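Numbers 1 to 292, taken from my numbering, label the letters of the sequence shown in order. The beta carbon of each residue, even a glycine, is placed where N, CA and C say it ideally should be. These numbers come from a predicted model, not from an experiment. Please read the structure below before turning to the comments.
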Amino acid sequence: MNKKIIAIALFAALSFGFTACSSDDSHATNVEQITLGQLPETTQQFIATTFPHATFLRAHKVSKPNYYGSYYNILLNNQVSLDFDQNGNWTEIETEDHSAIPADFLAQEVPLIQAYAAEHYPSNHIIEIDRDRKGYEVKLNNELELIFNEAQVFVGLDIDEDENEQLIAYAQLPAEAQSLLNQHFPSSEAVLIKQEIEAKETEYKVYTNDGFKIEFNHQGDWTDVENKQDKTIPTTIFPTPITTYIQTYYADFKHTGIEKKRNGFEVELKKERQEVELYFDREGNFLQVENE
Numbered sequence: 001m002n003k004k005i006i007a008i009a010l011f012a013a014l015s016f017g018f019t020a021c022s023s024d025d026s027h028a029t030n031v032e033q034i035t036l037g038q039l040p041e042t043t044q045q046f047i048a049t050t051f052p053h054a055t056f057l058r059a060h061k062v063s064k065p066n067y068y069g070s071y072y073n074i075l076l077n078n079q080v081s082l083d084f085d086q087n088g089n090w091t092e093i094e095t096e097d098h099s100a101i102p103a104d105f106l107a108q109e110v111p112l113i114q115a116y117a118a119e120h121y122p123s124n125h126i127i128e129i130d131r132d133r134k135g136y137e138v139k140l141n142n143e144l145e146l147i148f149n150e151a152q153v154f155v156g157l158d159i160d161e162d163e164n165e166q167l168i169a170y171a172q173l174p175a176e177a178q179s180l181l182n183q184h185f186p187s188s189e190a191v192l193i194k195q196e197i198e199a200k201e202t203e204y205k206v207y208t209n210d211g212f213k214i215e216f217n218h219q220g221d222w223t224d225v226e227n228k229q230d231k232t233i234p235t236t237i238f239p240t241p242i243t244t245y246i247q248t249y250y251a252d253f254k255h256t257g258i259e260k261k262r263n264g265f266e267v268e269l270k271k272e273r274q275e276v277e278l279y280f281d282r283e284g285n286f287l288q289v290e291n292e
């Protein structure tokens with residue numbers, strides 16, 4: 001496990017006041033489906049020149065804008081969803097399937113942000129950008145949110161902390177947790193570590209550059225592991241009977257999540273669009289399966 005923790009500007013969230021708002025904001029009173037020709041001329045030209053190989057699928061207009069001033073939402077066949085303000089300027093862009101936002105768009109609209117992400121997060125890609133008059137909020141496929149000012153200069157990470165949480169360094173993790181990360185996640189880099197202090201015990205959450213979130217109890221024993229990029233969790237952390245069962249019956253599935261329950265384990269598997277949840281007792285004996 002790479003011990004480097006990315007520097008964080010803790011004032012970012014306060015100075016920007018960004019709030020998470022989707023295209024179909026709850027304050028929008030009416031949503032109207034419209035055609036491509038009903039979009040502002042500026043928007044039509046932007047789509048035609050910026051996404052010349054994409055096909056228009058649908059568009060909606062809301063009667064009340066959201067936080068970013070979005071009135072129009074357009075979906076293209078390359079899984080790109082774009083929002084525009086009343087004047088036809090883009091306000092939000094994201095990919096429906098968490099794939100990378102097209103590089104041509106980034107190079108044209110936010111070249112400094114594109115360069116920063118490529119330098120500091122080379123293993124990740126941008127899946128969403130929101131902008132307003134104060135700057136940009138950028139989400140990566142490892143769930144990190146980066147804040148940039150209007151000049152596209154990096155300000156900090158947007159940290160969603162609860163009252164009982166604080167950010168800590170890698171060295172502040174329990175020795176047992178550090179040992180597990182070094183042994184089972186040697187190529188992962190910790191980009192964010194939270195310490196959660198409850199009334200009865202302390203818990204830790206480690207977020208990595210390749211999409212893993214590993215949770216530990218106060219002793220440093222793992223309690224929950226998941227991956228947001230559909231990468232396989234190392235089965236070396238699984239009890240042997242669970243590994244054997246998965247290899248026997250679900251060898252072609254990815255292990256995307258495992259959680260320790262009071263009475264056993266819950267394992268999440270994924271194969272393309274198919275998702276399966278397996279339940280085991282504390283000894284690793286199979287109990288049941290659920291398909292999603």
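Residues that residue i bridges to, as DSSP identifies them
i       : result
Glu-226 : Lys-213 and Gly-257
Val-153 : According to DSSP, Val-153 bridges with nothing at all.
Tyr-72  : Lys-61 and Phe-84
Val-276 : Leu-269 and Asn-291
Tyr-204 : Gln-195 and Phe-216
Gly-264 : Lys-261 and Asp-281
Leu-146 : Val-138 and Leu-157
Residue from the options whose Cα sits closest to the Cα of residue i
i       : options                               : result
Glu-128 : Asp-83, Asn-89, Gly-88 and Pro-122    : Asp-83
Val-153 : Ala-117, Pro-102 and Glu-176          : Ala-117
Ile-233 : Asn-217, Phe-253, Gln-45 and Val-62   : Phe-253
Gly-284 : Ile-258, Glu-275 and Lys-271          : Ile-258
Gly-220 : Thr-202, Lys-213 and Tyr-207          : Thr-202
Ile-74  : Leu-112, Lys-64 and Thr-95            : Thr-95
Asn-77  : Leu-57, Ile-93 and Phe-216            : Leu-57
Tyr-250 : Lys-271, Gly-211 and Thr-236          : Lys-271
Ile-178 : Val-276, Lys-205, Glu-165 and Asn-141 : Contrary to the premise, residue 178 reads as Gln rather than Ile in this sequence. Measuring from the Cα of Gln-178, the nearest candidate turns out to be Lys-205.
Gly-264 : Leu-287, Asn-87 and Ile-168           : Leu-287
Gln-33  : Gly-211, Val-62 and Asn-227           : Val-62
Pro-111 : Leu-181, Arg-273, Ala-151 and Asp-224 : Ala-151
Ile-242 : Asn-227, Ala-107, Glu-268 and Asn-217 : Glu-268
Leu-181 : Glu-292, Ile-246 and Ile-237          : Ile-237
Trp-90  : Pro-52, Tyr-279 and Asp-130           : Asp-130
Glu-143 : Ile-168, Ser-70, Ala-190 and Gln-247  : Ala-190
Ala-176 : Ser-187, Ile-214 and Lys-200          : The sequence shown places Glu at residue 176, not Ala. If we check each option's Cα against that of Glu-176, Ile-214 comes out closest.
Tyr-207 : Glu-226, Glu-277, His-218 and Thr-240 : Glu-226
Ser-188 : Gln-44, Phe-212 and Ala-48            : Phe-212
Pro-52  : Arg-282, Val-138, Leu-278 and Pro-102 : Pro-102
Tyr-68  : Leu-146, Glu-290, Glu-137 and Thr-235 : Glu-137
Phe-46  : Asn-66, Glu-109 and Gln-79            : Glu-109
Where the beta strand (DSSP E) through residue i begins and ends
i       : result
Gln-33  : 31–34
His-60  : 56–62
Ser-81  : 80–84
Asp-132 : 126–132
Glu-165 : 165–167
Beta-carbon proximity check, residue i vs residue j, cutoff 8 angstroms
i       : j       : result
Leu-36  : Ala-54  : no
Ser-123 : Asn-209 : yes
Phe-105 : Ile-113 : no
Glu-292 : Glu-266 : no
His-120 : Asn-141 : no
Lys-260 : Asp-224 : yes
Opening and closing residue of the alpha helix (DSSP H) in which residue i lies
i       : result
Gln-219 : From DSSP, Gln-219 is part of no alpha helix (DSSP H); its letter is neither H nor E.
Leu-140 : That residue, Leu-140, is in no alpha helix (DSSP H); its beta strand (DSSP E) goes 135–140.
Glu-176 : 175–184
Glu-119 : 111–120
Thr-95  : Note, Thr-95: premise wrong, no alpha helix (DSSP H); beta strand (DSSP E) at 90–95.
Tyr-245 : 240–249
Ile-47  : 41–50
Residue-chain proximity (residue i, chain C), Cβ-Cβ < 8 angstroms
i       : result
Ile-129 : Of the protein chains in this structure there is only one, and it is not chain C.
beta-carbon residue i near the ligand HEM non-hydrogen atom, thresh 7 angstroms
i       : result
Thr-243 : With respect to the ligand HEM, the structure shown offers nothing to examine, as it has no ligands at all.
The region 161–177 contacting the region 193–202, beta-carbon criterion three pairs below 8 angstroms: yes
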